[in-house]
Amino acid sequence: MAHVVLENLVKTYGAFTAVNNVSLKVEDGEFVALVGPSGCGKTTTLNLVAGLIPVTSGEIAIGDHVVNDMDPKDRNIAMVFQNYALYPQKSVYKNLAFPLQMRKLPRDEIDRKVREAARVLDMTHLLERKPRELSGGQQQRVALGRALVRDPAVFLMDEPLSNLDAKLRVQMRSEIKRFHQDLKATIIYVTHDQLEAVTMADKMAVMNGGFLQQYDSPAQVFAHPVNMFVASFIGSPAMSLIPLEASTVDGQTVLTGAEGWTMALSPLNARKVQRSTTRKIVLGARHSTIKLAKNASPNAIPAKAYTVEPTGDVTFVQALLSGAVVNISVPPNVAIAPDEQIWLEFDQERIHLFDGATELALKAD
Amino acid sequence: MSTASIVKTRAGKRIDAWRWGGRIFLVMMLLYTAVPMAWMLLTSIKSGFAAMQLPPQWFPNEPTLASYEKLLDPTNSVGQDFLRFFWNSLFVSTTTTMLAVAVAVPAAYAFSRFDFPGRKFLFFAVLLRNMFPAVIFLVPLFILMRLLGLVNTHGSLILTYLTFGLPLAIWLLKGFYDNIPYQLEQAARIDGATRFQAFFLIVMPLSAPGIIATAIYSFIGAWNEYIFAYTFLNKNEQLTLPVGIQRFFSENTTDFPGLMAASFIMSLPVVVLFLLLQRYFVRALTEGAVKH
Ligand SMILES: Nc1ncnc2c1ncn2[C@@H]1O[C@H](COP(=O)(O)OP(=O)(O)OP(=O)(O)O)[C@@H](O)[C@H]1O
Ligand SMILES: [Mg+2]
């Protein structure tokens, strides 16, 4: 296993920049999830690391070697493709054996390794089948197995679970996670499913429009998103982002909503707002941190319920506030009707404040 | 009976009518193609006298293989000529086929996978040839061949057949490569293959039906071609079968059983090739060109 370092990585297609100045370091044995919306450059980044496409500028190092000009076959990587890319004319056995044959291993060692991988992935009985005779989940396991038979420096996985049904996805998720723990493997894992990223990864790299937005542990990304994009992208349902106006009333910094209500701020939050250069502030709050009441209370802000979506475990209530949709979750036994008058209370410890112009998170110092 | 099932029976009847129409059509097509073949075969085993009889004998009273024996016997002059024509045809067709595959495979692969300057124009140019009937090129090509000193060589035919066969071959194969996911090659390269190995070990076997179809197509085209062979060659020892048979029997006037036996032997390689490989041919046409 080895670490991977990307430095100022750029990939352009004509005038279009698919990957824009991305720098990050994946430590030896780390599981890094690359997340972001469709078309943000995740696959391109992975293909650059794999050497399947040439870099425009920047540097890629695997272990202690700069691999920019190295062929994919010499980079000592294994890759699981989004659509599996199993060789359709070869049996499962031969699919698994191919990378070993290419490395000219002796026949008996190939056989031993293939059978070992098949045993680990519980597909010994499938070895003679052709890929088209397998279910999606089984194909997925073969794709994983083909990466696993070698011991590469780095595993690259491009949305390996996206074609599976929900149940199988959860199961494979834990299998990949255990595989990572058992092998202490360095893994770069592309997904657009942020739940997968949060549950599996040591670190997540959030990308948007070719730029790396934030690179940190899932907990940090969740708790301290650096900008509005990351805030709304991570977490489900998405964090509510409410545009407000900052002003000073009686020496106190407050935020005012479009409806005219004001919200007093804690000293820390007030300092953040005072340090910002704009009056336009965006308040971010996750559904679980907003308290919903049916009666007025001193710090609560009045709103009207808009839609109510019971999911069984929790009920999601959407309300309109200052022109934005606010998501709130309540226990399923709380009955709320659409258009009912409700009061929302924001937890000063857990709200996020963003600069309305730059969209960056406000800092206290 | 519910309305739903009435509708169903009606729809069922309509489908039946179509199906029967289709079957009748196929039977007619079968007769159209098989009857001349059968007549050829029957005539070839008649004696010269029986072949000319009126009203015709449907099945010869005294079937004989004399015509075949004569054609395949290298000790008489008829057999010598015929066998020479056969080998000439085989040589020209096989060489054409091998060259066609050798050129079409990399060309189609390049058209499918690489984005090089002039790619669209080249591909269009390749197809453009197919928009004109081949005879238009007869005289210009003859002049060209004379300039190149290729008249009366098999090389002139091989070159010509390649010119006419390659466009469709490349187009057919390109459809094939388009349908093979690029990720397979990427996977192979990550698994330790060079670019060429990825093509040779993974993509080539997958396109085998297309390559076989290309080969059959080139072979049959070259095997049956008449006009260019007639124009470019006039030395007896170089003729290919279609021209050879025609010349040969217009000299011996009307040896119909001999002519039919020769025609039958000439059609054998094509029929055998087709029977052996039709599976791939059909797959090539449906998978490569139609599906996207
Ligand atoms: N060969 C190419 N030529 C031109 N543009 C390309 C090429 N490959 C990718 N792109 C563009 O680069 C951008 C990033 O593509 P990429 O495949 O990396 O997205 P992604 O993040 O993997 O998205 P998804 O989640 O949909 O797979 C896209 O806008 C895409 O259109
Ligand atoms: Mg992708």
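Chains as they are written, first to last, in my numbering: chain U, 1 to 365; chain Z, 1001 to 1292.
Idealized CB from N, CA, C, for every residue including glycine.
Using beta-carbon positions only, say whether Lys-272 (chain U) and Leu-362 (chain U) come within less than 7 Å of one another. Taking the first residue of the first sequence as 1, we reach residue 272 (chain U) at position 272. Taking the first residue of the first sequence as 1, we reach residue 362 (chain U) at position 362. Contact: yes.
Partner residues on chain U for Gln-1183 (chain Z), Cβ-Cβ distance less than 7 Å: For the purposes of this step, residue 1183 (chain Z) is taken as residue 183 along the second sequence, with counting starting at 1. Within 7 Å Cβ-Cβ: Phe-81, Asn-83, Ala-85.
Within 7 Å of any Cβ in chain U, is that where the Cβ of Pro-1074 (chain Z) sits? For the purposes of this step, residue 1074 (chain Z) is taken as residue 74 along the second sequence, with counting starting at 1. For Pro-1074 (chain Z), the answer is no, since every Cβ of chain U falls outside 7 Å of its Cβ.
Buried versus exposed call for Asp-158 (chain U) [16 or more other C-beta atoms within 10 Å across all chains shown]: Your numbering for residue 158 (chain U) matches position 158 in the first sequence. Buried.
On the criterion of 16 or more Cβ atoms from any shown chain inside 10 Å, does Ala-2 (chain U) qualify as buried, or is it exposed? By 1-based counting over the first sequence, the position of residue 2 (chain U) is 2. With 16 or more Cβ atoms within 10 Å of its Cβ, Ala-2 (chain U) is classed as buried.
I want to check one thing, is the minimum distance from the CB of Lys-1174 (chain Z) to the heavy atoms of ligand 2 below 6 Å? Mapped onto the second sequence, residue 1174 (chain Z) falls at position 174. Because no heavy atom of ligand 2 lies under 6 Å away, the Cβ of Lys-1174 (chain Z) does not count as near it: no.
What residues in its chain sit with their C-beta under 6 Å from that of Asp-69 (chain U), if we drop five residues either side in the sequence? Within the first sequence, residue 69 (chain U) is the residue found at index 69, counting from 1. Nothing meets the Cβ criterion.
When you compare the CB of Leu-9 (chain U) with every CB in chain Z, is at least one pair closer than 7 Å? If you number the first sequence from 1, residue 9 (chain U) lands on position 9. Closer than 7 Å: no.
Quick one: measure Cβ to Cβ for Lys-11 (chain U) and Leu-48 (chain U), integer angstroms, because I've assumed they're closer than 8 Å. As a first step, residue 11 (chain U) is located in the first sequence; it is residue number 11 there, counting from the start. As a first step, residue 48 (chain U) is located in the first sequence; it is residue number 48 there, counting from the start. Rounded, the Cβ-Cβ distance is 6 Å, consistent with contact.
Any beta-carbon of chain U closer than 7 Å to the one on Asp-1178 (chain Z)? Translated into the one-based positions of the second sequence, residue 1178 (chain Z) becomes position 178. For Asp-1178 (chain Z), the answer is no, since every Cβ of chain U falls outside 7 Å of its Cβ.
Report yes or no: is there a C-beta of chain Z within less than 7 Å of the C-beta of Leu-6 (chain U)? Numbered from its first residue, the first sequence carries residue 6 (chain U) at position 6. Judged by the 7 Å Cβ criterion, Leu-6 (chain U) is not in contact with chain Z.
Measuring from the CB of Lys-42 (chain U), is there a heavy atom of ligand 2 at a distance below 6 Å? For this step, residue 42 (chain U) is matched to residue 42 along the first sequence. At least one heavy atom of ligand 2 is nearer than 6 Å to the Cβ of Lys-42 (chain U), so yes.
For a cutoff of 7 Å on Cβ pairs, would you count Met-1 (chain U) as touching chain Z? By one-based count along the first sequence, residue 1 (chain U) stands at place 1. Not an interface residue.
Same chain, Cβ closer than 6 Å to Tyr-189 (chain U), neighbours up to 5 away in sequence not counted: Residue numbering aside, residue 189 (chain U) sits at position 189 when the first sequence is read from its first letter. Excluding sequence neighbours, Tyr-189 (chain U) sits near Ala-33, Met-157.
Top-ranked residue by Cα proximity to Asn-20 (chain U), from U:Gly-41, U:Asn-299, U:His-180, U:Gln-139: In the first sequence, residue 20 (chain U) corresponds to position 20, counting from 1. Out of U:Gly-41, U:Asn-299, U:His-180, U:Gln-139, U:Gly-41 has the C-alpha closest to the C-alpha of Asn-20 (chain U).
Could you check whether the Cβ of Gly-209 (chain U) sits closer than 7 Å to any Cβ belonging to chain Z? Locating residue 209 (chain U) in the first sequence gives position 209, where the first residue counts as 1. Not closer than 7 Å to any Cβ of chain Z, the Cβ of Gly-209 (chain U) fails to qualify, so no.
Inspect the CB distances between the region 1044-1064 of chain Z and the region 1214-1230 of chain Z and report whether three or more fall short of 8 Å. no
Please list, in chain order, the residues of the region 1101-1133 of chain Z that have any C-beta partner in chain U closer than 9 Å. none
Residues of chain U with CB closer than 9 Å to the CB of Arg-1189 (chain Z), please, in chain order. One-based indexing of the second sequence puts residue 1189 (chain Z) at position 189. The contacting residues are Ala-50, Gly-51, Leu-52, Asp-71, Pro-72, Lys-73.
If contact means a Cβ-Cβ distance below 8 Å, which residues of the region 135-152 of chain U contact chain Z? Arg-146
Measure the alpha-carbon distance for Val-1103 (chain Z) versus Leu-1166 (chain Z) and round it to whole angstroms. Position 103 of the second sequence, counting from 1, holds the residue named residue 1103 (chain Z). Position 166 of the second sequence, counting from 1, holds the residue named residue 1166 (chain Z). Those two C-alpha atoms are separated by around 8 Å.
Show which residues of chain Z have a CB atom less than 7 Å away from the CB atom of Met-102 (chain U). As a position in the first sequence, residue 102 (chain U) is number 102, starting the count at 1. In chain order: Asp-1191, Gly-1192, Ala-1193.
Is the CB of Gln-89 (chain U) under 7 Å away from at least one CB in chain Z? Here residue 89 (chain U) refers to the residue found at position 89 when the first sequence is read from its first residue. It does: the Cβ of Gln-89 (chain U) has a partner Cβ on chain Z nearer than 7 Å.
Is Leu-1026 (chain Z) buried or exposed, if buried means 16 or more other CB atoms sit within 10 Å of its CB? The residue you call residue 1026 (chain Z) lines up with position 26 of the second sequence. With fewer than 16 Cβ atoms within 10 Å of its Cβ, Leu-1026 (chain Z) is classed as exposed.
Secondary structure, beta strand (DSSP E): runs of 3+ residues fully inside the region 177-235 of chain U: 187-191, 203-208, 211-216
Give the interface partners of Ile-1206 (chain Z) over in chain U, defined as CB-CB distance under 9 Å, in chain order. Here residue 1206 (chain Z) refers to the residue found at position 206 when the second sequence is read from its first residue. Checking the sequence shown, residue 1206 (chain Z) turns out to be Leu, not Ile. Tyr-87, Pro-88, Gln-89, listed in chain order.
With a Cβ-Cβ cutoff of 7 Å, do Val-92 (chain U) and Val-142 (chain U) count as a contact? In the first sequence, the residue the question calls residue 92 (chain U) occupies position 92. In the first sequence, the residue the question calls residue 142 (chain U) occupies position 142. Yes, the Cβ-Cβ distance between Val-92 (chain U) and Val-142 (chain U) is below 7 Å.
Which same chain residues, not among the five before or five after Pro-237 (chain U), have their C-beta less than 7 Å away from its C-beta? Along the first sequence, read from residue 1 onward, the residue named residue 237 (chain U) stands at position 237. The residues are His-287, Phe-316, Asn-327.
Beta-carbon contacts of Val-5 (chain U) that lie in its chain and below 7 Å, excluding the five residues immediately before and after: Stepping through the first sequence from its first residue, residue 5 (chain U) is reached at position 5. Correct list, in chain order: Lys-25, Ala-61.
Nearer than 6 Å: is that true of the beta carbon of Gly-39 (chain U) relative to any heavy atom of ligand 1? The residue you call residue 39 (chain U) lines up with position 39 of the first sequence. At least one heavy atom of ligand 1 is nearer than 6 Å to the Cβ of Gly-39 (chain U), so yes.
Along chain Z, which residues have their Cβ under 9 Å away from the Cβ of Ile-176 (chain U)? The residue given as residue 176 (chain U) occupies position 176 in the first sequence. Ordered by position in chain Z, no residue passes the 9 Å Cβ test against Ile-176 (chain U), which lies about 18 Å from the chain.
Looking at ligand 1, does it come within less than 6 Å of Ala-50 (chain U), judged from the CB to the closest heavy atom? For the purposes of this step, residue 50 (chain U) is identified with residue 50 of the first sequence, where counting begins at 1. No, since every heavy atom of ligand 1 falls outside the 6 Å radius drawn around the Cβ of Ala-50 (chain U).
Nearest chain Z C-beta to Pro-99 (chain U) closer than 7 Å, yes or no? Residue 99 (chain U) sits at position 99 when you count from the first residue of the first sequence. By this cut-off, Pro-99 (chain U) is an interface position.
Continuous alpha helix (DSSP H) assignments of at least 4 residues falling wholly in the region 1123-1152 of chain Z: 1138-1147
Under the assumption that Gln-1238 (chain Z) contacts Asn-1130 (chain Z) (Cβ atoms under 8 Å), give the Cβ distance between them as a whole number of angstroms. For the purposes of this step, residue 1238 (chain Z) is identified with residue 238 of the second sequence, where counting begins at 1. For the purposes of this step, residue 1130 (chain Z) is identified with residue 130 of the second sequence, where counting begins at 1. Wrong, their Cβ atoms sit about 28 Å apart, outside the cutoff.
State buried or exposed for Arg-150 (chain U), treating a residue as buried only when at least 16 other CB atoms are found within 10 Å of its CB. On the first sequence, residue 150 (chain U) is found 150 positions in, with the first residue counted as 1. Buried: at least 16 other Cβ atoms inside 10 Å.
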